[in-house]
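Take the sequence shown: its position 191, counted from the start at 1, is 191 in my numbering, and no numbers get skipped. Every residue gets a Cβ at the ideal spot worked out from N, C-alpha and C, and that includes glycine. In what follows, a structure is listed as structure tokens, so that the remarks can point back to it.
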Amino acid sequence: FVAAGHSMGGHVALELARSAPERVSGVVLVDGGLSAPLEPGADPDRLLETMLGPALARLRRTFESRDAYLDFWKEHPAFKETGCWNEHVEAYLDYDLTGEAPELRSKVSEEAVIEDGREILRGGGAGDNLASLTCPVKLVRARRGLLNQEEPLISDSLVTRARRALRDGFEEQTIPDCNHYTLMFEKKAAASVAQVIVK
1 FVAAGHSMGG HVALELARSA PERVSGVVLV DGGLSAPLEP GADPDRLLET MLGPALARLR
61 RTFESRDAYL DFWKEHPAFK ETGCWNEHVE AYLDYDLTGE APELRSKVSE EAVIEDGREI
121 LRGGGAGDNL ASLTCPVKLV RARRGLLNQE EPLISDSLVT RARRALRDGF EEQTIPDCNH
181 YTLMFEKKAA ASVAQVIVK
């Protein structure tokens with residue numbers, strides 16, 4: 001089968017392909033899964049705060065109502081600067097929301113995000129050793145990053161690194177006019193992701 005992964009799911013998909021190659025015919029990474037090992041002496045917690053600061057801050061917050069949570073996300077640059085807002089975004093956010101008003105919060109555990117992030121940055125998994133994979137890998141990435149900034153989440157240098165490690169077993173497609181979030185919610189971008197998966 002084909003394992004498809006978005007963000008952290010990409011690392012899980014690659015690790016599955018490494019540890020159980022007989023079960024995976026190919027991997028599709030959706031704006032995630034690729035990382036580079038830390039530089040010697042680098043602090044993984046500091047790097048995580050730099051990369052995920054606003055996302056981690058959200059996990060520490062509570063919200064008085066569903067509408068307050070949606071309003072928070074409507075102000076997020078990924079959505080506010082693109083005008084991408086639809087029923088699929090709201091369904092995703094409804095799924096993410098837990099607790100009781102007035103103390104609603106994201107289901108995502110900050111501690112789990114930090115611990116998983118540390119593990120990825122310290123290396124040793126399939127994402128850090130792509131040459132250990134025996135199946136083809138396809139990457140679909142957004143042109144813009146988490147906060148709709150010009151720099152994509154998966155950098156050109158990471159793409160180059162993956163291409164060198166996997167050679168003919170790696171394909172990459174960059175979807176224009178979207179960011180890490182709208183890649184999955186904007187109609188044309190999501191259709192492009194689906195097309196890669198079903199190929």
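Close beta carbons around residue i, own chain, < 7 angstroms, minus the five adjacent residues each side
{"i": "Arg-58", "result": "Ser-106"}
{"i": "Asn-148", "result": "Pro-77, Ala-78, Glu-81, Thr-82, Asn-179"}
{"i": "Trp-85", "result": "Lys-74, Phe-79"}
Cβ pair residue i, residue j closer than 8 angstroms
{"i": "His-6", "j": "Met-184", "result": "yes"}
{"i": "Pro-152", "j": "Arg-141", "result": "yes"}
{"i": "Val-28", "j": "Lys-188", "result": "no"}
{"i": "Leu-93", "j": "Leu-104", "result": "no"}
{"i": "Arg-18", "j": "Ser-155", "result": "no"}
Proximity to residue i [Cα-Cα], best of the options
{"i": "Gly-32", "options": "Ser-192, Glu-186, Tyr-181", "result": "Tyr-181"}
{"i": "Met-51", "options": "Val-89, Trp-85, Ile-114, Gly-41", "result": "Ile-114"}
{"i": "Ala-112", "options": "Gln-173, Arg-60, Gly-99", "result": "Arg-60"}
{"i": "Gly-123", "options": "Trp-85, Pro-44, Leu-16", "result": "Pro-44"}
{"i": "Glu-87", "options": "Glu-186, Val-193, Val-198, Ala-191", "result": "Glu-186"}
{"i": "Met-8", "options": "Glu-100, Val-24, Glu-150, Glu-119", "result": "Glu-119"}
Close Cβ partners of residue i (< 8 angstroms) along its chain, the five nearest in sequence each way excluded
{"i": "Glu-39", "result": "none"}
{"i": "Tyr-69", "result": "Phe-63, Leu-93, Leu-97, Leu-104"}
{"i": "Gln-173", "result": "Lys-138, Leu-139, Val-140, Arg-141, Ser-192, Val-196"}
{"i": "Leu-158", "result": "Leu-34, Ser-35, Ala-36"}
Residue i, DSSP secondary structure in three states
{"i": "Val-110", "result": "Here residue 110 turns out to be Glu, not Val, going by the sequence shown. Helix, per DSSP."}
{"i": "Val-12", "result": "helix"}
{"i": "Val-27", "result": "strand"}
{"i": "Lys-187", "result": "helix"}
{"i": "Arg-167", "result": "helix"}
{"i": "Thr-160", "result": "helix"}
{"i": "Lys-199", "result": "coil"}
{"i": "Glu-115", "result": "helix"}
{"i": "Glu-90", "result": "helix"}
{"i": "Glu-49", "result": "helix"}
{"i": "Arg-61", "result": "coil"}
{"i": "Ile-175", "result": "strand"}
Check: residue i C-beta below 7 angstroms from any heavy atom of the ligand GDP
{"i": "Val-198", "result": "Here there are no bound small molecules, and the ligand GDP is not part of this structure."}
Residues of its chain near residue i, where Cβ-Cβ distance is below 6 angstroms and the 5 sequence neighbours each way are ignored
{"i": "Ala-162", "result": "Leu-34, Leu-130, Phe-170"}
8 angstroms contact criterion, which residue i and residue j should meet: CB distance rounded
{"i": "Pro-102", "j": "Ser-65", "result": "7 angstroms"}
{"i": "Leu-48", "j": "Gly-117", "result": "5 angstroms"}
{"i": "Ala-4", "j": "Val-30", "result": "6 angstroms"}
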